[in-house]
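> Chains as they are written, first to last, in our numbering: chain A, 176 to 514; chain B, 11 to 360.
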């Protein structure tokens, strides 16, 4: 059984005008030491998916259904006290903005010691020694001096290194990183991603990386999920999805990148924009923007408009698309006729 | 490859550039007013002033019809260049010439005709649209300002024409900015820049606040507008993938200085400056299985106390004594670019 197993997760936000469903039927799993990317545009639900793993969804949000099994235990039913043991200790989180994550009135050392002592019965001296060791692991120059510095004295890249050190403090099994480098410059981003990858590999730590950057996902992760309007629409090995995306949205996302077009030519844009979650289109949520609702012969694929697509397996990937299902079906028939 | 280097003033340039920037500097005082600058040191009263050196001697030409992209990381001064060119900031030193005429010293009134010819698109479409104006009002305002003699009818026709050309539905006019998504707002901001028929557009990170699929829409729109209206762009961005697609020429900035300028294809085929090389290697590409970047020592120094010599020497793997001492100037290369690097000039790296 996988270390983390998420099944049919539904997350809703109770608003005055009624519930808005932020996640629908999200399922995925993570093996020990595996690196998973969650990709999507803003509003796709990728951050909600990550936050719900640690039950960090703030009211009015709540987990409305489904299960999250971590190391054989059900997280959605766990008491707050038991959850606190998991948070930070077994699974830790890295957020987007390093300035918002660190406490501005505590020195780096104090924050790290505080975190260690909340989970372990150890002395200040031992805690400081562990903190120093972790700062060395994230390759911060003069780590001992950093312990007594405050967050505002560090640059953005340095702060994100401190946060990675804090995430590693208690030797977690999984690190959840929500857009960890979006606020940073490209050269710093490259350094931080390389560091995160190196540490995860060295300590066999699992990584759930939430990002909108397909380049980062292909560099760092082994498997990926693509999300659209609160659903997973495609998942599988990263290399396979990047090289041969099946879902029209994934194809559109990759083809829209400037590197996929000849310089100066028109980019392959996806028309329209992501629907709002409280007013989703019928059937497949992507159908108003999809070029495959019409078949090649001009007929309309009614299922796209009427039915929510289920997953079909294509290669090692799972895709939620009526068009792909139809194509797979067509491929299967001739194979049987030959027999 | 020292044979690739020729004298800096021999770059063949036939047509006069639309915009010339010469020796541009912009410093921001950190020290507050006169009384705040007074400090006691060793029993004596001294006046101390500290500056952020945002731009330190930038020379750039922009030719008619081209899209010059300025790239660099945060704090390199690229936005300050854009704002100084537009007259939103006054340069501390240097000259800006537009169509042969110096514009950095013009009075507000004398600047007005140039403001019509030069328009700006900002990064954040959530902040750049007035929340209390309808889209119609937003788009009419610049016309009323620059063409006070136009009739309402003519203004409405002009707005309708621009709205149609950027793909804004006619019924958006009665609505307010907050009713639109980021991509739609950026479309409106582009329309607002285009209503006065400008020839030159400064776009400061116009797509970095948008999602990937929307970025493509807005970039396409900017390229269409360039073809239809024969526009010249100064395009500020940190995204090199966008530059490769959009730019005719690229200027790479580091710590307030231009370290390399080259035609886009040349720069991407063969980056010469060590910083450009590091920057390009840091772009995560789809075909990569692992990060493949060139590792740089340390971080960008603060622009308050600039390093001596080449601003990049502290992080450069090729730095020597001369780099620490002497500021490199832009030198033309045979493939049409310019690079400010002692190591390239001396042929230590190629």
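All residues carry an ideal CB built from backbone N, CA and C; glycine is no exception.
Starting from residue 237/B and walking both ways along the alpha helix (DSSP H), at which residues does that stretch end?
The count along the second chain starts at 1 and reaches residue 237/B at position 227. First-last of the alpha helix (DSSP H) with residue 237/B: 222-239.
> Of all Cβ atoms in chain E, is any one closer than 9 angstroms to the Cβ of residue 303/B?
Structure shown: chain E not included; protein chains present are A and B.
> For a contact meaning CB atoms closer than 7 angstroms, what does residue 230/B contact in chain A?
Working through the second chain from its first residue, we reach residue 230/B at position 220. Residues of chain A passing the Cβ test: 441, 442, 444.
> In the DSSP output, what is residue 144/B paired with across the bridge?
As a working note, residue 144/B is residue 134 in the second chain. For residue 144/B, which the question treats as bridged, DSSP gives the partners 186/B.
> On the three-state DSSP scale, how would you describe residue 204/A?
Along the first chain, read from residue 1 onward, the residue named residue 204/A stands at position 29. It is a strand residue.
> Is it buried or exposed for residue 26/B, if we count other Cβ within 10 angstroms and need 16 for buried?
As a position in the second chain, residue 26/B is number 16, starting the count at 1. It counts as exposed.
> Here's the rule: buried if 16 or more other CB atoms are within 10 angstroms of the residue's CB, otherwise exposed. What is residue 313/B?
The count along the second chain starts at 1 and reaches residue 313/B at position 303. Buried.
> Any C-beta of chain B sitting closer than 9 angstroms to the C-beta of residue 276/A?
Taking the first chain and counting its residues from 1, one reaches residue 276/A at position 101. Contact of residue 276/A with chain B is not assigned, every C-beta pair being separated by 9 angstroms or more.
> Measure the alpha-carbon distance for residue 334/B versus residue 134/B and round it to whole angstroms.
Position 324 of the second chain, counted from the first residue, corresponds to residue 334/B. Position 124 of the second chain, counted from the first residue, corresponds to residue 134/B. So the two alpha carbons sit approximately 38 angstroms from each other.
> Extract the residue ranges of the beta strand (DSSP E) inside the segment 354-439 of chain A, only unbroken runs of 3 or more that lie entirely within it.
If we require 3 residues or more, the beta strand (DSSP E) runs fully inside the segment 354-439 of chain A come out as 381-386, 398-403, 406-412.
> As an exercise, report each continuous alpha helix (DSSP H) stretch of at least 4 residues that is fully enclosed by the segment 295-342 of chain B, in chain order.
331-335
> Answer with buried or exposed for residue 335/A, where buried requires no fewer than 16 other C-beta atoms within 10 angstroms of its C-beta.
Within the first chain, residue 335/A is the residue found at index 160, counting from 1. Buried, because 16 or more other Cβ atoms sit within 10 Å of the Cβ of residue 335/A.
> So, residue 265/B versus residue 316/B, is the Cβ gap smaller than 9 angstroms?
Translated into positions along the second chain, residue 265/B becomes position 255. Translated into positions along the second chain, residue 316/B becomes position 306. Yes, Cβ-Cβ distance for residue 265/B and residue 316/B is below 9 angstroms.
> If contact means a Cβ-Cβ distance below 8 angstroms, which residues of the segment 356-383 of chain A contact chain B?
360, 361, 362, 363, 364, 365, 366, 368, 369, 372
> Using the three-state DSSP reduction, which class does residue 281/B fall into: helix, strand or coil?
On the second chain, position 271 is the one that residue 281/B refers to. Correct three-state label for residue 281/B: coil.
> Would DSSP call residue 130/B helix, strand or coil?
Here residue 130/B is taken as the residue at index 120 of the second chain, counted from 1. Residue 130/B: strand per DSSP, three-state reduction.
> Any beta-carbon of chain B closer than 9 angstroms to the one on residue 466/A?
What you label residue 466/A is simply residue 291 of the first chain in a count that begins at 1. Cβ-Cβ to chain B under 9 angstroms: no for residue 466/A.
> Rounded to the nearest angstrom, how far is the Cβ of residue 356/A from that of residue 288/B, given a contact under 8 angstroms?
As a working note, residue 356/A is residue 181 in the first chain. As a working note, residue 288/B is residue 278 in the second chain. In fact, because the Cβ distance is near 16 angstroms, the residues do not count as touching under 8 angstroms.
> Look up residue 489/A in the DSSP assignment and say whether it is helix, strand or coil.
Locating residue 489/A in the first chain gives position 314, counting from the first residue. Strand.
> Are any of the Cβ atoms in chain B nearer than 9 angstroms to that of residue 395/A?
The residue given as residue 395/A occupies position 220 in the first chain. Closer than 9 angstroms: yes.
> Per DSSP, which residues does residue 292/A bridge with? Please list them.
Numbered from its first residue, the first chain carries residue 292/A at position 117. Paired residues: none, contrary to the question.
> Need the endpoints of the beta strand (DSSP E) that residue 212/A sits in, please.
Numbered from 1 along the first chain, position 37 holds the residue referred to as residue 212/A. Residues 210-214.
> Closest to residue 364/A by C-alpha separation, out of 343/A, 271/A, 181/A, 189/A, would be which residue?
On the first chain, residue 364/A is found 189 positions in, with the first residue counted as 1. The shortest C-alpha separation from residue 364/A is found at 271/A.
> Would residue 256/B count as contacting chain A if we go by Cβ distances under 9 angstroms?
Here residue 256/B refers to the residue found at position 246 of the second chain. So, interface residue.
> Nearest by alpha-carbon distance to residue 317/A: which of 337/A, 298/A, 299/A, 252/A is it?
Along the first chain, read from residue 1 onward, the residue named residue 317/A stands at position 142. Closest by alpha carbon: 337/A.
> Determine which residues of the segment 173-194 of chain B have a Cβ less than 8 angstroms from any Cβ of chain A, and write them out in chain order.
191, 193, 194
> Shorter than 9 angstroms from the beta carbon of residue 399/A to some beta carbon of chain B?
Here residue 399/A refers to the residue found at position 224 when the first chain is read from its first residue. Output row for residue 399/A: interface = no.
> Taking Cβ positions only, does residue 409/A come closer than 9 angstroms to chain B?
For the purposes of this step, residue 409/A is taken as residue 234 along the first chain, with counting starting at 1. For residue 409/A, the answer is no, since every Cβ of chain B falls outside 9 angstroms of its Cβ.
> Excluding sequence positions up to five away, which residues of its chain have a Cβ less than 8 angstroms from the Cβ of residue 413/A?
Your numbering for residue 413/A matches position 238 in the first chain. Listed in chain order, the non-local C-beta contacts of residue 413/A below 8 angstroms within the same chain comprise 212, 392, 393, 396, 397, 398, 399, local neighbours out to five positions each way being set aside.
> Short of 8 angstroms in beta carbon distance, which residues of its chain neighbour residue 263/B, apart from the five on each side in sequence? Order them along the chain.
The residue labelled residue 263/B in the question sits at position 253 within the second chain. The answer, listed in chain order, is 68, 80, 81, 82, 86, 87, 88, 91, 269.
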